[in-house]
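Residue numbers (our numbering), protein chains in the order written: chain A, 1245 to 1769; chain B, 1245 to 1769. All residues carry an ideal CB built from backbone N, CA and C; glycine is no exception.
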């Protein structure tokens, strides 16, 4: 008898929330909401609909429908109108004055799953899939996403959860596939001037392996791999152009941002970044690599006092997690814990870094940069069966870097639509330049990476591509009083002055004769 | 020597983030942002300033400055312009085309304190004070607040943290004070039709005690105490008017929403509500009571299968926390765990409930409503020393309710600007009415409170003040086939039909001859 089945009934009531729709006239705001689908309702109308600020409504036209987040206003929107931001207008092809049906969107299952995670439960694959699908469809609002990220940060993810998350993130986006073996390389970042990929891709491709490298632009750093590569060739390729380039050259160096690869990852990073949390680090990286069809991946973990990983032990722990997770999704992963105490090579900034990488292809020279490139490439050559050991792989990679890498890079540049005749000196760098000298004498014992990043940003990086820093001295170098430590470059003189002012605020390098003559690290008064 | 004090230096760099200001022209959006201070910058300008979407900037005019949250747009805002929502325009008295200075706001200490809580630390009073101050100054964005609420929900608050939170919430708002003893009553809510305060205030005030009762409007329920009281008199009083009323009559029944009492609480509730979390329940209630200067407070915890507190044990646990916390802030608290399985009295909806309360003052009658009023008032009379025991207090309260409460209520109505001659039948109720009958016979064993709330909302509550429900039967009443169980009223016929349709979806009352003839509660197929 239905009338006394209390527990079932209460459940039904929770799921099937009461709702009725309302017909409203569209008002175009001519404003974009930063990628979010937002509408503004009169406060009374919202009340009548039973929705509150940040609740969702489903907007339906004769042809289509879309979920949007509600803002309310008591003054500017009259009753009966629905004001739409660009994302909603475009999504539904709305015109001013058009009638639409507005229906409160009932409780999302995903909200409950997030709540389960908050309360300490392990989520099932199905629950994670639903959450990620609602992330991609923009059904979850910022509060819910922030709560989810915070809960993941606090509770952590099990291997099963991470695996399900990767599957869901890959499934909800576009994917590439290049056959049975495809190599890839990823750095967790945190070291300025790391142009390793620019050299590693031609080396690996020249060995006969496939390496479809997608990369990101700078968010908080002076330049990302995509920013550096763009100094050499177009990087905004679409899926077809990438397939053409890789088929022709075995490699590519493209921007992954507009390819719709694991889009949930990008949306969640927009929440993680302002919160300063990255519980999805592992899943995020692996899902991007899965999306491009990578089967063998080397992951670089720069480690050191000023890097993301402070100790080798921390880096080992993270490496173990990468590898376990990789096993679960049938991806071979090898982690390399690298020295992360100073910039890689001498240059920081898109154009300066591209120049440095290209110079190294034209004129090989042993350095921390080439050492890093050949070590990581050697690992990939070994993983993919081209070399019998990492050591063997490194020797092969060195040989390729000295001989075939330049012509491979030219092929890639040409296939991506660039000019293969480009010389390092053709890449324009900032015309305004200032040197930073020292009055001290001794040996460079530490370099303040964070401060270098701030100076490069102040000089205009990454937007002003010619801006940046060139280090004249690196760790272990001997310095005499009056020596130039570094040069700052900028495209605009006003930015150069800002950067210069900043360079005077804090010491950029520690120059000490002997460590045992400087025992006080910090005093508290 | 400064140059090697690494740890100190790194700290400084973290705190003192690099920033430079930019002069921009104001563009007026003529849009309000729901109480938030939001500006829109061109994406390039934002990059030049080094800020991202949801970061904060400080906007400075010649006279004043204000912190706002950044949104970015690549299309609609040209470089050099800053588009401002109404809250920012009003806050700085801006006009279109005016020049303002825009400066990135560096990292907030509060963000780090929130992060400490996320990571499991107990916050100090100073840290909590800073967080609450940044909440009130709108320096923390929604993501940060959602993360904070989630962390509080997951980690809980220590007594010391709750105490500090209360202090901070009271300190950042307006306060009232009515001398050495001021009584107050609060219900954690969850039972429909609870008009207890409307009768308790005149009873307590007539006993000679002071009771400055502020209350809220309905958020998700059919009516809040402020909505009910507004049927009898104006409730939108300012601080001076409240002081006048209380001085004159010992009591008041006003809306607390616009009084700036513990404003942090209201801002945090806006985050808690959509997340469905209320980690601040205790601090929130006590800070509101502290703000009105309450010294003796009775807290009502309606308990039962369909109430917020499911068991007496749960309610006891929460009561203990209320009392401990009260002790810490020198507030005497007495918790009353009350029967919360059915509506209080017979009526639900602002006008219907106000009528019912006023009727009870004109013509006393023993009922669950008067029983609750006199019990709770009796506790207050005992706490404040007017009665030697709760039992004694209840008897005093009954006597007052039968004799002096009506004239006290008339005084309060008059002092708040209402008409003391108002009779119950003068309060207009919805003209559209429909009865819900039953074909069953037996005894009412349960009442579906949630469903009643949904029906009252569909009928127009709380906006349509005449809408609501009148119960003809309550728990334990005998029912014959054909009897009317309840009436639904609405101000609009369309809403009545919606409510009626809803009333047919689920059983509203469980009518069973004997419990032992209905053993199956739920089946799963």
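Give me the DSSP bridge partner(s) of residue i.
i, result
"residue 1663(B)", "None; residue 1663(B) has no bridge partner."
"residue 1750(A)", "None; residue 1750(A) has no bridge partner."
"residue 1656(A)", "Looking at the DSSP assignment, residue 1656(A) forms no beta bridge with any residue, so it has no partner."
"residue 1342(B)", "Answer is none; residue 1342(B) lacks a bridge partner."
"residue 1189(B)", "Chain B is shown only over 1245 to 1769; residue 1189(B) falls outside these bounds and no answer can be derived."
"residue 1325(A)", "1269(A)"
"residue 1317(B)", "1286(B)"
"residue 1677(B)", "1733(B)"
"residue 1457(A)", "1497(A)"
"residue 1755(A)", "1688(A)"
"residue 1309(A)", "1304(A)"
"residue 1401(B)", "Paired residues: none, contrary to the question."
Give a yes or no on whether 8 Å exceeds the smallest Cβ distance from residue i to chain A.
i, result
"residue 1631(B)", "no"
"residue 1388(B)", "yes"
"residue 1626(B)", "no"
"residue 1395(B)", "yes"
"residue 1441(B)", "no"
"residue 1253(B)", "Only weak support exists for where residue 1253(B) lies, its pLDDT of 33 falling under 50; the value from the coordinates is given anyway. Answer yes: the Cβ-Cβ gap between residue 1253(B) and chain A drops below 8 Å somewhere."
"residue 1490(B)", "no"
"residue 1315(B)", "yes"
"residue 1367(B)", "no"
"residue 1266(B)", "no"
"residue 1362(B)", "yes"
"residue 1398(B)", "yes"
"residue 1645(B)", "no"
"residue 1707(B)", "yes"
"residue 1274(B)", "yes"
"residue 1298(B)", "yes"
Please state whether DSSP places residue i in a helix, a strand or coil.
i, result
"residue 1631(A)", "coil"
"residue 1430(A)", "strand"
"residue 1248(B)", "Only weak support is given to the placement of residue 1248(B): the predicted model assigns it a pLDDT of 29, under 50, and the value that follows is read from those uncertain coordinates. Correct three-state label for residue 1248(B): helix."
"residue 1615(B)", "helix"
"residue 1557(A)", "helix"
"residue 1583(B)", "strand"
"residue 1591(B)", "strand"
"residue 1502(A)", "coil"
"residue 1382(A)", "coil"
"residue 1541(B)", "strand"
"residue 1714(B)", "strand"
So, residue i versus residue j, is the Cβ gap smaller than 8 Å?
i, j, result
"residue 1300(B)", "residue 1316(B)", "no"
"residue 1624(B)", "residue 1337(B)", "no"
"residue 1394(A)", "residue 1362(B)", "yes"
"residue 1584(A)", "residue 1547(A)", "yes"
"residue 1535(A)", "residue 1414(A)", "yes"
"residue 1754(B)", "residue 1733(B)", "no"
"residue 1692(A)", "residue 1587(A)", "no"
Are any of the Cβ atoms in chain B nearer than 8 Å to that of residue i?
i, result
"residue 1413(A)", "no"
"residue 1510(A)", "no"
"residue 1391(A)", "yes"
"residue 1433(A)", "no"
"residue 1257(A)", "For residue 1257(A), the pLDDT reaches just 32, beneath the cut-off of 50, and the residue's location in the model is therefore unreliable, although a value from the coordinates is still provided. So yes, residue 1257(A) belongs to the interface."
"residue 1294(A)", "yes"
"residue 1548(A)", "no"
"residue 1670(A)", "no"
"residue 1520(A)", "yes"
Between residue i and the ligand ZN, is there a pair consisting of the residue's CB and a ligand heavy atom that are separated by less than 7 Å?
i, result
"residue 1464(B)", "As presented, the structure is devoid of all ligands, the ligand ZN included, so that no description of it is given."
Assess, as a yes-or-no matter, whether the segment 1705–1718 of chain B is touched by the segment 1589–1601 of chain B under the definition of 3 or more beta carbon pairs within less than 8 Å. yes
Touch check for the segment 1394–1412 of chain B and the segment 1509–1529 of chain B: three-plus C-beta pairs under 8 Å? yes
Just checking, does the segment 1407–1427 of chain A make contact with the segment 1318–1337 of chain A on the three C-beta pairs under 8 Å criterion? no
Any 3 or more C-beta pairs closer than 8 Å across the segment 1470–1482 of chain B and the segment 1352–1359 of chain B: no
Determine contact between the segment 1433–1444 of chain A and the segment 1373–1388 of chain A, defined as no fewer than three beta-carbon pairs at a distance below 8 Å. no
Indicate whether the contact test is met: 3 or more Cβ pairs, each with one atom in the segment 1666–1680 of chain B and one in the segment 1734–1741 of chain B, closer than 8 Å. yes
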